[in-house]
Structure formats: C-alpha cells, structure tokens
Amino acid sequence: MGKMYYISKNVGLVLLVLALSALLTIIALSVAYNKERVKNRVGTRNQAVANSTTDTSNSSTPAPVSKDPWDQYRLPDLLVPTSYNVTLWPRLEPNSDGLFIFTGHSAVVFKCLKATDLVLIHSSELNHTLLDGHHARLTRLDGASVPEIRKSWLVVETEYLVLQLRSSLAQGAFYVLYTEFQGELADDLEGFYRSEYVEDGVKKVVATSQMQATYARKAFPCFDEPAMKAVFSVTIIHDRDKVALSNGRQMDVTDAVVDDTAVRVTTFEPTARMSTYLLAFIVSDFSYKEFQQHKGVQVRVWARRKAIEDGQGDYALNVTGHILQFYERYYNTAYPLPKSDQVALPDFNAGAMENWGLVMYRETALLYEPGRSSMGNKDRVMTVIAHELAHQWFGNLVTMQWWNDVWLNEGFASYVEYLGADFAEPTWNIKDHIVLHDIQRVMSVDSLASSHPLSRREDEVNSPAEISEMFSSVSYNKGSAVLRMLSSFLSEPVFVKGLSSYLKAFAFGSTTCSDLWDHLQKAVENTPNVHIPCTVRDIMRRWTLQIGFPLVTIDTRTGNITQKHFLVDPNSVVERPSQFNYTWFVPIQWMKTGVEQQQYWLLHKTDTHTRMRVSGHHWVLANTNVSGYFRVNYDVDNWNRLFSVLETDHQTIPTINRGQIIDDAFKLARAKILDTTLALRTTKYLSREREYIPWQTALSNLYDYFVVFDRTAVYGPLQAYTRKLIQPLFEHFKTTTRNWTIVPETINDQYNQVNALHVACSTGVPACRELTTSWFKQWMDNPHHNPIQPDLRGTVYRMGIEYGGVEEWDFVWTMLKNATLASEESRLRVALACTKVPWLLNRYLEYTLDPAKIRKQDTISTILYISRNIVGAPLAWNFVRARWSDIFQRYGKGSFSISGLVSGIAMRFSTEFELQELQRFKEENLRVGFGSANMALEQTIERISANIKWVTENKARMLAWFSEQST
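All the letters of the sequence shown, read from the start, carry residue numbers -2 to 964 under our numbering.
Given below as structure tokens:
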C-alpha cells in the first residue's frame, strides 16, 4: 500500500504529525476567526485585492501581460507537491452579516526541482491569515533553515499566492507550506460551496464541493494542475448532527467543543496519489443505503433522507456493483480504492463528477423511483453512473497531463459508458444509441470551421475560461466516436489489451494521448492477424489534431473514392491550415447489396476500389454500423437504389444505417452537396418504419426545419407532412399498447412511443390532443393521483400547458414546488416553458434569476426551454440581452453550461437582421465578456450565416415539396 500511495518515510512522518496536531490547531484558529466579523462578502475579487499583500506596491495584478511567472496561468516547473494535510470547518448557519463561511488550514509538502526564490501556489477568493506578517509559513521537511520570505501577495487574475524569498530554495529539498484561511461557503456551485433544500418543511444546508476544473484553489491553496498529483489527508470539522464524507474512508471521529460550539471532527484515510480536481468532501444529514461489498469495496448511495426512504437510490446501488465488476474485467485492473460512495445533490452545476471514491451527481442522474420515474430517467441514471465509474480508472488512476487533452478523459468515459451500461442492462441494446447521442450530435458542431481539434497545443489552453471551453461536445462526443472507431478497426480484444497495459504502466500518473497510442501499438504487434496500414499513432494523429471529419464520396459507376473536409458552409469561411492537409486515414466498413465486405482503408484524397463499382439492382452502403467518424455521399444512381430499397424492403438495410442514410442526406443537403428534395426522400418510407433510431434521426432533422421555417409559409405544409408521416406510428402504438394502457416491452419501443405521442400532438393529430388533455384534466381533478404513465408524462404535461392557460400553469407550478422526485420536478419545469401566454413566460424568465424559485443549477436550462417555444424565443433573447452582465457574473464565468445558453438562445436565427442583432450583442458585451462561451459564440455566428444562405436558396422549393407531399 505504501508504494501505491507514493509516500516516503519522511513524508509519512510529517503526515502523521500534522494529523495529530490538526484538531488542536483548528481549535486555536477557530477562536481567532470567530472573533473577527466578516465586514464584506468573503472572497470577492475586491476584497482579495484589498487584503492581498504585505507590500502595498503590489496590491493588485492586472491581466497577464508581463513575463513574470505570477502573470502566467501555468505553474512553472520548479516545485512539485507530494502531499497535503487539509482541515476545513464549514459553517452551516449564517454569521451576523448573513454569510456562510468556512475556515481552515493546509500544509502542503513539496519538492524543489530547480533552485528558485519564488513559491507560486494557486489560491482564489480566499482570505489568508497573516503568519509572521506573511500569507503563509515556509519550513523545511528535515528541519533545516529556510530562506526568509521577503514579501507575499495574492494575484487575482491568475489566482496565485506568491511568496518571494530573500534567497533560493535548495534543489532536491522538501518543504512544507502552511496556510490559514477563510472563504465564503457561497451558493455558486464551485469549489467548496453551499446547497440548500427543504425537507418536511425544514430548510437544510449542505456543504459540498466541485473542484473540476480549476476550483480546488477556492477551497484551499494548492498546486491546481492535473499533473500535480499528490496524497491528500483530509479532516472535516462539522456539526454533530451531520456526517462528513471525503475521498478516503473515515478513519476517526472525535467530538469536541470549539468556541462554545459542540462539533465533530472527522478524519479520513490518506487518498491515493491523485489530482486536485478529484478531491471532494461533503457535510450533510443525508442518509445512505449500502450494497453488499464488492470484493471488499464498500459501495454506498447517499441522498436526502426522504429520497433514500422512498427507495430512490436502490437502482443506482444495485447497478453499481455490476458496473464495477465489468470495468475490472474490461480494464484487467482491480478497482483501486477501498470504497465507492455516490452522492445525489440538490444543487450541482455539472451532471455528475467523478471524484475518486466520492462521486457527486445531480439528483436526476442518480435517483430513480419505479412507478414515478420514466424509462428515460432510468437510462440516464444507468449511463451517467457507467460514465463516472469508467473515470475511476481512465481519468482518475491515469490522468491527462494537461487540459488540452481533456478528451482523453471524457471521450473515453463517454465511449465505455455504453459498454458498462450494456453489461448491466443487456436487454436494452443501449450500445447503438451512441450514434444518436454522440456521433450525430457532435457532427453538427464539428462541421463548422470554428470547431476545435480533440487535442490542442498546450499553449492554446491556459486560462480557466479556455480550460472550460475544452469541456465541449467535441471532447466528449467526438472523443467517444473516434475511440469507438479505433476499437472497431483494431478489434475490441486488441483495444482492451492496449488499455490494460497503458493503465498498469501509468497508474497514479499523468500521460498524453501519445502514450496511449504507443501501448495500443504494442498490443497490435503482439496480436497475430491484426493488420492496419500504418502505426496507431500515425492513424490517430490525423483524427485528434485536425478539426472536423471527412466526407467520403463513392462513385459506384467507376469505383472512384474521394475524401474532403466536410464543412456545412465551405464557401463562407477560410479553412484553417492543417499539417495533414485535411487528409485522414479512413477505415471503411461497407456492404454490397446487403452482404458485408472486407474493410477498406482510404489513405489518400482520391483512390479507386473496383469492388465498389456496381450496376443494375446492386447497391453500395458504406460505414456499416456507423463504425467510422465520417459522412458518406454517393453518385445519384446509388442514392436512388438505396431509396428504392428503403421504400420496398427497408429491413434489408441495418437499422442503425437507416438512421445514418437519413442523417447523412439531410446534412449533405444543408451543405449544398445534395439536392434538398433528394434528402427529403429518405423520410418517405417512414410510414412503414417502426424502429427508434431511424425515427429519432428523422425527427431531429425535421425539427431543424421547423426551427428555421416556423415563422414562414413553409410551416403549414411541413407540419402537415410530418403529421402524415407520424399518423401510422401513432396508430401502431395505440394498437400494440391496447389503447395506451400497457407499456411497450423494449426500451426502443418505449422511446418511440414517446416520439409518436409527442409528434402527433405537436402536429395536430386530433386524437392525440383529446387523449393528452383528458389525462391532464384527470390529474388536475385529483392531484394526489396521477393517472399518466411515467414515460408519457413529459409529453402530457407539455401539451396540458400548451393547450391550457393560467389555471393549468399555476397548477403545474404548485406541483413543481411540491415535487419530491427530481426527475418529476424536471419534467414539470420543462412543461412550464410551453405556455403560449407571453406574460407567463416573462414571469417564468424572472423566476430563473431567483434561486428560491429556480435552482441555480437549472437557470440556464430553463431559459433555453423557454427559447425553444416560438412565443418564448424573442422573450428569452431580449431577457438574456438585457441581463447578460448579471447572468454572466452569477452563472457563467467558469460554467460549462454558459456556452449552451449562447448557442441555444439564437437557435431560430436565420435572417440578416437576427445575425446583426447577435453581432451587436457580442460587441456590446465585450467588456463583460463571454468566458467559456467565446467559441460557442463564434460557432453560432457561423451557423446562422449558413442558415441564412440555405433558407434563402431553399425556402420556395421546400414550400413546393411539402405542399405536394402533404396532400
């Protein structure tokens, strides 16, 4: 175990001494802290500047413009931490100024790699107690003398505590940096923060954490970069009626009295060697259920007491052991920790966070209650757990060197989550959904010139905002798609063999993606009969270092094949240079007239493959199983043959590829490569289609048409055509579910039933409206008995609000405030955005900035739900424009969701005037800034420009086609 934790004898001794002294020290500190009143908000930028220095000439530091180390966002490679001893005391009651605070102290042991007279450590929004006139105390681990601190100060912009010494630290020596500090336990969902909820009429407060990506520095001073791994010993002081959790197992619990306050001191075992962003702690009165230990690993699910009593954590608890079992086998590496705690939080900015041994979730991502939650809720719980547990190895055990390679963490977890979920729920056939949720989704973004490569240069990702931008659909979804492609052409056994070797070689360390390619290459070389055209590294660098993806065009008349960078609007942008000249090594799985063929590699811009030359009734279908990350175009003859197969015997083409044909055709039409009416032909066969993936793909693409045409004359015929398409599916489910009284057997049928009901109601099928309004009225008449099947509630609630008025809205708002299940609360919140009454929508928008009405974690998504409503769209846009400064300061400086707000709020924009409005919005708010939404803003402008051209060129033809087909 000592070797696992990388603890030397000297470091271990210091940790022991610090642990024994922690309680006495914090008691002394707390007395001092409680004698001081917090005059202003703790940790604000202004206060940090005002109190930041012992040398008034250095009272503040502007944005990085100098070459001084403290004006650079990256730490110099001079010091490296080995261990921390952190003690924190969160106050769950406000002080006399109405503020919730936390106090603490930290001792970090670090090694000096190169002689230096500077110590830089991250610290953000913390007030440091002056020790001997400075912000920290420096000692040497072996007791030898240390250089005197000449001055110390805090740098606001780059978030550093700086110590300037009178002489240099000794190379190779170990030092201890000790700090005492206090911060605000704010409700900003970052660092060490506060979450509140009401249970049984009593308001309760939780102190919890979210450190990714750069928020550990808001909880305690630390070397806050992913490669700066260390061992953490954590002590939490808290109220006696609360329980504390952290990454390590509870080691000791002691009651004490501090400043006349009865407290409990919980000490945790030292962690494995890990990154700061994975550290976590929580103080709450949550309860838990425990799973029968998995190979000695303690498995628990924690949540609000009422949620646990209602059994909402049972499903998550049951599947966790199965998923851990799968990953241990898949990685060929045992779960590296003694426990796995999973916690559902009332307030959490991300969907979930993979903190090592203490995974945090939104309640909707962990809690499921049979009979009240839908299959979609169950699916989400399963896949999110599978994602976060995948990280316990890939990301936590082995971590990317820097945030420019965050895709290595997130893309991998996004891929294998489908494998873990498939193991735990094998009847769901969930693996195919990666095409809908990852591949199709990200291709729309990655076809913009303003996209970004999976791996960027390190010097392109520095500030916290730039780091947050890397947590994009490209990193998650494209990363997932590319790794799935890699696994496919290597074969899964070779892929996992390389992964196992990689994890063992770099356990408890940090890597780049080149290290992974090397280990996969070794697996290839050690496996007979595995052939690839060049090294794994050569293949994958073209997929990770270039933006976008290729369009592969196959001329079945000649067998000629070409590839080019696919852009949705290639004529309006200047293509950025690529070291590979936008040439990919493309593995193409394909079939001829329904028979699978040998995989073909396209290695150049152009090539000829004679076996792809066909005529007569024969046809070619490339990218079977959508195993590759590219789009496919054909000559018109082959397109027509594929359409003929769809219209006469669609099941000859695999289900997943029926969705692919639809998606490729629609996107090629948007890029003006295919005729739009040709793309629309892919939907004509849908009246006979019953499978979920083709239907979901078609509806997603038709929805894009609704968005840009719903204020034009095209809307009526488009709606009529869609109604004509959906009617047979609606009747199918009415029959097979015995008039909507039973639940379909498979998850795909359950999802497609929801599609049928929702689209039928949205497009005006009379029977659908009558059905949903009658269900909604039954519920209003008896609020304590909800007769609506959980899978259908989302649609019924939305229709009830859309067809209703103030009475219906107020009823659903009351149900929302009284909801005890997070997934039900979410459905109700979405439904409220569907009203056609403008003043209700404006009131709802105002609610989003009131945390007492709409939780901060739900602010952005609620605004976006309103913007999707044609009546709400201009209201939401005006609201965001008028309140941007407030929204950005409250929710957006480092939030991952702010980019979604910028792109979503302008979803309907398709005119020159609207483009000018967005550009004006950008110019007017340059001073306020856009933070991690900068890239999203540029992508939105590019997308709108493409929309304008496409609508101008296709509006008349769309009107004619839909008018003809809808009769």
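Yeah, the Cβ is synthetic: ideal placement off N, Cα and C, and Gly gets one too.
Bear in mind the structure is a predicted one, so any value in this text is a computation, not a measurement.
Opposite His601 in the DSSP bridges: which residues? Within the sequence shown, numbered from 1, the residue matching residue 601 stands at position 604. Looking at the DSSP assignment, His601 forms no beta bridge with any residue, so it has no partner.
Endpoints, alpha helix (DSSP H) assigned at Thr694: Your numbering for residue 694 matches position 697 in the sequence shown. First-last of the alpha helix (DSSP H) with Thr694: Tyr689 to Phe706.
Where Asn557 and Asp672 are concerned, what is the direct C-alpha to C-alpha distance, given to the nearest angstrom? Locating residue 557 in the sequence shown gives position 560, counting from the first residue. Locating residue 672 in the sequence shown gives position 675, counting from the first residue. Their Cα atoms are separated by approximately 21 Å.
Do you know whose CA, among Ser929, Gln962 and Ser907, lies nearest Glu950's CA? Numbered from its first residue, the sequence shown carries residue 950 at position 953. It is Ser907 whose Cα lies nearest to the Cα of Glu950.
Among the candidates Ser484, Asp402 and Asp429, whose CA atom is the shortest distance from the CA of His449? For the purposes of this step, residue 449 is taken as the residue at position 452 of the sequence shown. Here the closest residue by C-alpha is Asp402.
Looking only at its own chain, which residues have a Cβ that is under 6 Å from the Cβ of Asp566, when we skip the five neighbours before and after it? The count along the sequence shown starts at 1 and reaches residue 566 at position 569. Result list for Asp566: Ala943, in chain order.
Taking the continuous alpha helix (DSSP H) assigned at Ser485, which residues delimit it? As a working mapping, residue 485 is identified with position 488 in the sequence shown. Element bounds for Ser485: Gly476 to Leu487.
Helix, strand or coil: how does DSSP classify Glu973 here? Outside the displayed range of the chain (-2 to 964) lies residue 973, so it cannot be described from this structure.
For Leu915 and Gly897, I'd like the C-alpha separation in whole angstroms. As a first step, residue 915 is located in the sequence shown; it is residue number 918 there, counting from the start. As a first step, residue 897 is located in the sequence shown; it is residue number 900 there, counting from the start. About 15 Å.
In the DSSP assignment, what are the bridge partners of Gly506? Taking the first residue of the sequence shown as 1, we reach residue 506 at position 509. Looking at the DSSP assignment, Gly506 forms a beta bridge with Val395.
Tell me, to the nearest whole angstrom, how far the beta carbon of Trp299 is from that of Ala341; I am working on the premise that it is less than 8 Å. Along the sequence shown, read from residue 1 onward, the residue named residue 299 stands at position 302. Along the sequence shown, read from residue 1 onward, the residue named residue 341 stands at position 344. About 7 Å; that satisfies the 8 Å criterion.
How about Arg237 and Arg261: do their beta carbons lie closer than 8 Å? Start at 1 with the first residue of the sequence shown, and residue 237 comes out as number 240. Start at 1 with the first residue of the sequence shown, and residue 261 comes out as number 264. Yes, they are a contact pair.
At a cut of 8 Å, does the segment 163 to 183 reach the segment 314 to 324 through at least three beta carbon pairs? Too few Cβ pairs lie closer than 8 Å, so no.
Continuous alpha helix (DSSP H) stretch holding Trp881: start and end: The residue given as residue 881 occupies position 884 in the sequence shown. Unbroken alpha helix (DSSP H) run through Trp881: Gly869 to Ile884.
Measure the alpha-carbon distance for Phe345 versus Thr845 and round it to whole angstroms. Start at 1 with the first residue of the sequence shown, and residue 345 comes out as number 348. Start at 1 with the first residue of the sequence shown, and residue 845 comes out as number 848. Going by C-alpha positions, Phe345 is about 16 Å away from Thr845.
Among residues of its own chain, excluding the 5 on either side of Ser771, which ones have a beta-carbon nearer than 6 Å to its beta-carbon? Counting from 1 along the sequence shown, the entry for residue 771 is found at position 774. Here the set comprises nothing.
Where does Gly140 fall in DSSP's three states? Mapped onto the sequence shown, residue 140 falls at position 143. Looking at Gly140 - three-state DSSP - the assignment turns out to be coil, as it is neither helix nor strand.
State the start and end residues of the unbroken alpha helix (DSSP H) segment that holds Asp184. In the sequence shown, the residue the question calls residue 184 occupies position 187. Premise fails: Asp184 is in no alpha helix (DSSP H) and is neither H nor E.
If contacts are defined as beta-carbon pairs under 8 Å, then Gln309 and Tyr365 qualify, I think. What distance do you get, rounded to the angstrom? Counted from its first residue, the sequence shown places residue 309 at position 312. Counted from its first residue, the sequence shown places residue 365 at position 368. The Cβ separation is near 6 Å, so the contact holds.
Considering only the beta carbon of each residue, do Ile464 and Thr211 sit closer than 8 Å? As a position in the sequence shown, residue 464 is number 467, starting the count at 1. As a position in the sequence shown, residue 211 is number 214, starting the count at 1. Ile464 is a Cβ neighbour of Thr211, given a cutoff of 8 Å.
Grouping DSSP H, G and I as helix and E and B as strand, with all else coil, what is Lys148? Your numbering for residue 148 matches position 151 in the sequence shown. In the three-state scheme derived from DSSP, where H, G and I count as helix and E and B as strand, Lys148 is classed as strand.
Tell me Met357's beta-bridge partners as DSSP assigns them. Position 360 of the sequence shown, counted from the start, is the residue given in the question as residue 357. Answer by DSSP bridge pairing, in chain order: Val340 and Met350.
Grouping DSSP H, G and I as helix and E and B as strand, with all else coil, what is Val793? Residue numbering aside, residue 793 sits at position 796 when the sequence shown is read from its first letter. Val793: helix per DSSP, three-state reduction.
Cβ of Val629 within 8 Å of Cβ of Val549? Position 632 of the sequence shown, counted from the start, is the residue given in the question as residue 629. Position 552 of the sequence shown, counted from the start, is the residue given in the question as residue 549. With contacts defined as CB atoms closer than 8 Å, Val629 and Val549 qualify as a contacting pair.
Tyr285 versus Ile305 - alpha carbon distance: For the purposes of this step, residue 285 is taken as residue 288 along the sequence shown, with counting starting at 1. For the purposes of this step, residue 305 is taken as residue 308 along the sequence shown, with counting starting at 1. Rounded to the nearest angstrom, the two C-alpha atoms are 6 Å apart.
Just mark His967 as buried or exposed, buried being the case when its beta carbon has 16 or more other beta carbons within 10 Å. Since the first residue of the chain shown is -2 and the last is 964, residue 967 is not available in this structure.
As a quick exercise: from Val803, Gln207 and Leu829, pick the residue whose alpha carbon is nearest that of Lys814. If you number the sequence shown from 1, residue 814 lands on position 817. Ranked by Cα distance from Lys814, the options Val803, Gln207 and Leu829 are led by Leu829.
According to DSSP, residues forming a beta bridge with Ala619: As a working mapping, residue 619 is identified with position 622 in the sequence shown. Per DSSP, Trp587.
Under the three-state DSSP convention, the category Met514 falls into: Taking the sequence shown and counting its residues from 1, the one referred to as residue 514 is at position 517. Here residue 514 is Trp; the residue named in the question, Met, does not match the sequence. Three-state DSSP puts Trp514 in a helix.
Smallest Cα separation from Asp338: which of Phe278, Arg302 and Pro367? Position 341 of the sequence shown, counted from the start, is the residue given in the question as residue 338. If we check each option's Cα against that of Asp338, Phe278 comes out closest.
Suppose only complete runs of 4+ residues qualify. What are the alpha helix (DSSP H) ranges in the segment 433 to 467, listed by chain order? Within the segment 433 to 467, the complete alpha helix (DSSP H) segments at least 4 residues long are 438 to 443 and 461 to 466, listed from N- to C-terminus.
Is Cys831 buried or exposed, if buried means 16 or more other CB atoms sit within 10 Å of its CB? Translated into the one-based positions of the sequence shown, residue 831 becomes position 834. Classification for Cys831: buried.
For His614 and Asn637, the rounded distance between their alpha carbons: Position 640 of the sequence shown, counting from 1, holds the residue named residue 637. Position 617 of the sequence shown, counting from 1, holds the residue named residue 614. So the alpha carbons of these two residues sit roughly 10 Å apart.
Is it true that the CB of Thr508 sits closer than 8 Å to the CB of Gln576? One-based indexing of the sequence shown puts residue 576 at position 579. One-based indexing of the sequence shown puts residue 508 at position 511. Contact: no.
DSSP has Asn752 in a bridge; who is on the other side? Within the sequence shown, the letter at position 755 stands for residue 752. Looking at the DSSP assignment, Asn752 forms no beta bridge with any residue, so it has no partner.
Here's a check: name, in chain order, each residue in its chain whose Cβ is nearer than 6 Å to the Cβ of Ile479, leaving out the five neighbours to either side. Within the sequence shown, residue 479 is the residue found at index 482, counting from 1. It should be noted that the sequence gives Val, not Ile, for residue 479. Around Val479, the same chain offers Trp540 and Tyr626 as residues with beta carbons nearer than 6 Å, after the five sequence neighbours per side are excluded.
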